Amino acid sequence: MAIQDNSDRPTGNTRNQRRRLIILGGLLLIAIIIVLLFTSEKTRDLRERLISPIELLPLPGIPEVYDIQGYPAASERVFSRFLKQNANQALFDKLKNFLQINRVDQVVSPFELLRQGSDWRDLDEPPFAIPPVENWGSMIYTLRVLQREIVPRIGPVTVVSGWRTTSYNSKAGGSKGSKHLRFCGLDVVPQNKFTREQLVPVLRDIHKHKGKEWNMGLGIYKGIRFHVDTCGYRRW
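Start counting the sequence shown at -8; every next residue gets the next number (our numbering).
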């Protein structure tokens, strides 16, 4: 009688081990897929936050208004709410990209350029506004003046008034030819401590030696607030 050789046939234990391996492999594959999906979601969320760094700020701990050398200025907390209105976030992202391309995005915080002024509450006007795209180019040279001529002499500055709408400018009593309406003028205050007596001679010296080259307008107000633009050589 022929004797069958069953040595190549899987035993019950071998089949059970294979099933367990298959099940474990399936569970491992599912776990890997879940991790990848979770990681992808986190990566996308991080990328969005990097595009809009304002969202990374600890907003609950930031006041609504800063006191900047005696001038009230709406803070990032207020600006974060402004970004959620209409298409403001998309426009602001484009503006930041435009400033970055022209290498002036680090001169001041970009959101400061959209502060309308210090008296928005008294005027019942929004504290922030975004200028039309066609006006963006005017700001490049003004930021370069700050970057190359003013900041090296007096240190970093904070913008308390940048772009203004016609409504805001009218209520504030601004000139109809105000350079703020063209997104060319900025009212700023130095972050370093200066007396008016210390600051004014430095600003006048900059204007005297570099003003014509930049077509620079310089206005010095009470205290240490001053105006700078590059839309007409003059001083007041």
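Glycine residues also receive a C-beta, built at the ideal position from the N, C-alpha and C atoms. Given the structure is predicted, the values throughout are model-derived calculations rather than measurements.
Whole-angstrom distance between residue j and residue i, CA atom to CA atom
| i | j | result |
| --- | --- | --- |
| Pro101 | Leu86 | 8 angstroms |
| Asn228 | Thr221 | Missing from the structure shown is residue 228; the chain here goes from -8 to 227 and no further. |
| Phe70 | Pro63 | 14 angstroms |
| Phe120 | Asp110 | Per the sequence shown, the amino acid found at residue 120 is Ala instead of Phe. Taking the straight line joining both Cα atoms gives about 14 angstroms. |
| Gln182 | Gly146 | 7 angstroms |
| Arg226 | Asp196 | 12 angstroms |
| Ser166 | Val151 | 17 angstroms |
| Ala78 | Val191 | 40 angstroms |
| Asp84 | Glu103 | 14 angstroms |
| Arg68 | Glu188 | 34 angstroms |
| Asp96 | Glu204 | 22 angstroms |
Residue i (DSSP reduced to helix, strand or coil)
| i | result |
| --- | --- |
| Asp84 | helix |
| Asp36 | Residue confidence for Asp36 is low, a pLDDT of 45 falling below 50, so the modelled location carries little weight and cannot support an answer. |
| Thr133 | helix |
| Thr157 | helix |
| Asp110 | coil |
| Gly146 | coil |
| Ser71 | helix |
| Pro101 | helix |
| Arg225 | strand |
| Pro122 | coil |
| Leu41 | Low confidence applies to Leu41: its pLDDT is 41, below 50, so where it sits in the model is not reliable, and the reading given next is rough at best. Reduced to three states, the DSSP call for Leu41 is helix. |
| Val95 | coil |
| Pro192 | helix |
| Gln138 | helix |
| Ile24 | helix |
For residue j and residue i, believed in contact at Cβ under 8 angstroms, the rounded distance
| i | j | result |
| --- | --- | --- |
| Gly176 | Thr149 | The Cβ separation is near 15 angstroms, so there is no contact. |
| Phe217 | Val179 | 7 angstroms |
| Gly153 | Arg106 | 5 angstroms |
| Phe174 | Pro122 | 4 angstroms |
Element boundaries [beta strand (DSSP E), containing residue i]
| i | result |
| --- | --- |
| His218 | Phe217 to Asp220 |
| Gly208 | Gly208 to Ile211 |
| Ile59 | Val56 to Ile59 |
| Pro63 | Tyr62 to Ala65 |
For residue i, the residue or residues it bridges with in DSSP
| i | result |
| --- | --- |
| Val179 | Val150 and Phe217 |
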